[in-house]
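In our numbering, the protein residues as written are 460 to 764.
Just so you know, even glycine gets a beta-carbon here, dropped at the ideal spot from N, CA and C.
As the structure is a computational prediction, the values presented were derived from the model and not from experiment.
Contents: one structure, followed by commentary.
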């Protein structure tokens with residue numbers, strides 16, 4: 460046993476010389492809780508880890524990886540195992556981990572995969588898919604991607620230069636203005652009344668015109684041009700809420716195309732967006748309202764809001 464501990468002292472002295480600042484608590488921890496399974500001949504080693512030949516050469520990636528693993532398994536209490544001959548106390552374990560963490564933080568290189576940005580093609584495709592903007596292309600002033608190992612999407616070659624960041628900002632601003640326009644303050648509309656007499660309603664000049672003076676003739680056509688009248692002297696000047704009042708009654712409406720009428724006479728009001736909808740079918744227009752009209756209907760009988 461004396462020879463065994465003497466050999467350990469030689470190894471620990473070597474650690475002190477290579478590490479310069481190995482504290483006594485760390486050397487004691489390694490001696491008492493690690494050498495039982497991780498020192499000696501290859502036949503007696505556990506996990507192929509031989510701490511008897513380890514060093515603190517922080518310039519070696521293998522050594523850094525070894526001590527990183529030791530830190531992790533000791534910190535998770537996986538090592539020493541619960542059936543080991545000697546288990547460290549909480550304070551002893553914390554002191555060893557604190558010392559080893561400080562060394563690893565100082566000497567371990569920053570690892571992991573380099574962050575990668577989108578290259579030019581990927582960026583364009585992302586904008587097209589995200590905003591439904593199939594014709595999007597970056598401007599000619601957009602910096603080109605640097606090729607690395609024959610590819611333009613390798614992280615080490617994809618720099619975030621100031622000109623590129625400036626282009627990102629300019630494009631993002633343009634897209635935001637396109638899809639999220641600034642609210643426009645509309646001028647306040649003053650209440651106003653409009654009156655449209657029957658004589659100012661226009662109808663199609665072709666066959667089947669429904670208007671005859673101050674009377675609408677019932678027709679079978681289902682399109683606006685042949686089965687309706689509309690004002691050509693009024694257009695809604697601004698977006699808003701309009702209250703529409705219609706004065707109408709029926710005249711000679713007891714029969715329908717030579718047959719006795721079985722359904723009430725109805726008057727429907729539709730809205731169109733532009734003059735191109737003159738020949739649109741009623742089913743394609745927005746119906747504002749529909750009313751039953753009788754011979755007793757009097758002035759001011761129908762209202763639409």
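For residue 727, the first and last residue of its enclosing beta strand (DSSP E): Residue numbering aside, residue 727 sits at position 268 when the chain shown is read from its first letter. Residue 727: member of the beta strand (DSSP E) spanning 725 to 730, first to last residue.
Nearest by alpha-carbon distance to residue 694: which of 709, 727, 722, 652 is it? If you number the chain shown from 1, residue 694 lands on position 235. Of the listed residues, the one whose Cα sits closest to residue 694 is 652.
First and last residue of the beta strand (DSSP E) that includes residue 748? Looking up residue 748 in the chain shown gives position 289. 745 to 751 is the span of the beta strand (DSSP E), which, as asked, contains residue 748.
When the Cα atoms are used, what is the spatial distance from residue 681 to residue 728? Along the chain shown, one-based indexing puts residue 681 at 222. Along the chain shown, one-based indexing puts residue 728 at 269. Their backbone Cα atoms lie some 14 angstroms apart in a straight line.
Alpha carbon to alpha carbon, how far is residue 700 from residue 707? Give it in angstroms, no decimals. Numbered from its first residue, the chain shown carries residue 707 at position 248. Numbered from its first residue, the chain shown carries residue 700 at position 241. In a straight line, the C-alpha of residue 707 is about 23 angstroms away from that of residue 700.
Could you have a look at residue 774 and say whether DSSP puts it in helix, strand or coil? Only positions 460 to 764 of the chain appear in the structure, and residue 774 is not among them; the question remains open.
Near residue 593, what residues of its chain come up, given a Cβ to Cβ distance below 7 angstroms and the 5 sequence neighbours on each side ignored? Translated into the one-based positions of the chain shown, residue 593 becomes position 134. 587, listed in sequence order.
Buried or exposed (CB count within 10 angstroms, at least 16 for buried), residue 485: Here residue 485 corresponds to residue number 26 of the chain shown, with the count starting at 1. The residue in question, residue 485, is buried, as its Cβ has 16 or more Cβ neighbours within 10 Å.
Using DSSP bridges, identify the partner residues of residue 740. In the chain shown, counting from the first residue as 1, residue 740 sits at position 281. DSSP, once it has assigned bridges, lists 682 as partnering residue 740.
Any idea if residue 516 is buried or exposed, counting beta-carbon neighbours within 10 angstroms, 16 or more meaning buried? On the chain shown, position 57 is the one that residue 516 refers to. Exposed.
Mind checking whether residue 628 and residue 602 have CB atoms under 8 angstroms apart? Numbered from 1 along the chain shown, position 169 holds the residue referred to as residue 628. Numbered from 1 along the chain shown, position 143 holds the residue referred to as residue 602. Not in contact: residue 628 and residue 602 (Cβ atoms no closer than 8 angstroms).
DSSP three-state call for residue 529: helix, strand or coil? Against the chain shown, residue 529 aligns to sequence position 70. In the three-state reduction of the DSSP assignment, residue 529 falls in the helix class.
Just mark residue 633 as buried or exposed, buried being the case when its beta carbon has 16 or more other beta carbons within 10 Å. Numbered from its first residue, the chain shown carries residue 633 at position 174. Counting every other CB atom within 10 Å of its CB across the protein chains shown gives residue 633 a total below 16, marking it as exposed.
Residue(s) in a DSSP beta bridge with residue 630: On the chain shown, position 171 is the one that residue 630 refers to. Answer is none; residue 630 lacks a bridge partner.
Cβ distance (whole Å) where residue 616 is taken to contact residue 606 below 8 angstroms: Position 157 of the chain shown holds residue 616. Position 147 of the chain shown holds residue 606. Residue 616 to residue 606, Cβ: 7 angstroms. Contact.
Can you tell me whether residue 555 is buried or exposed, with buried defined as 16 or more other CB within 10 angstroms of its CB? Taking the first residue of the chain shown as 1, we reach residue 555 at position 96. Its Cβ being crowded by 16 or more others within 10 Å, residue 555 is buried.
Whose CA, out of 748, 696, 541, lies closest to the CA of residue 730? For this step, residue 730 is matched to residue 271 along the chain shown. Residue 748 is the option with its Cα nearest to residue 730.
From what residue to what residue does the beta strand (DSSP E) around residue 704 run? Here residue 704 refers to the residue found at position 245 of the chain shown. Note, residue 704: beta strand (DSSP E), 703 to 705.
Going by C-alpha distance, which of 490, 611, 534, 725 is nearest residue 579? In the chain shown, counting from the first residue as 1, residue 579 sits at position 120. Ranked by how close their Cα comes to the Cα of residue 579, the residues 490, 611, 534, 725 have 611 in first place.
Excluding the five sequence neighbours on either side, which residues of its own chain have a C-beta within less than 6 angstroms of the C-beta of residue 723, listed in chain order? Numbered from its first residue, the chain shown carries residue 723 at position 264. Non-local beta-carbon contacts of residue 723 in its own chain, meaning distances under 6 angstroms to residues more than five positions away in sequence, involve 751 in chain order.
With a floor of 4 residues, list each alpha helix (DSSP H) that falls wholly inside the stretch 516 to 595, ordered by position along the chain. Restricted to the stretch 516 to 595, the alpha helix (DSSP H) segments that are unbroken, complete and at least 4 residues in length are 520 to 534, 549 to 566, 579 to 590, listed in chain order.
Residue 620 versus residue 488: straight-line alpha-carbon distance, rounded: Taking the chain shown and counting its residues from 1, one reaches residue 620 at position 161. Taking the chain shown and counting its residues from 1, one reaches residue 488 at position 29. Going by the C-alpha atoms only, they are around 49 angstroms apart.
Would DSSP call residue 487 helix, strand or coil? Taking the first residue of the chain shown as 1, we reach residue 487 at position 28. In this structure, residue 487 counts as helix in the three-state DSSP scheme.
On the criterion of 16 or more Cβ atoms from any shown chain inside 10 Å, does residue 537 qualify as buried, or is it exposed? Reading the chain shown from its first residue, position 78 is the one you call residue 537. Exposed: under 16 other Cβ atoms inside 10 Å.
CB of residue 545 within 8 angstroms of CB of residue 495, strictly: Taking the chain shown and counting its residues from 1, one reaches residue 545 at position 86. Taking the chain shown and counting its residues from 1, one reaches residue 495 at position 36. Going by C-beta atoms, residue 545 is nearer than 8 angstroms to residue 495.
Given a cut-off of 8 angstroms on the beta-carbon distance, is the pair residue 559 and residue 530 in contact? The residue labelled residue 559 in the question sits at position 100 within the chain shown. The residue labelled residue 530 in the question sits at position 71 within the chain shown. Cβ atoms of residue 559 and residue 530: closer than 8 angstroms.
Going by alpha carbons, who is nearest to residue 446 out of 539, 522, 650? Any answer about residue 446 is impossible in this case: the structure gives the chain only from 460 up to 764.
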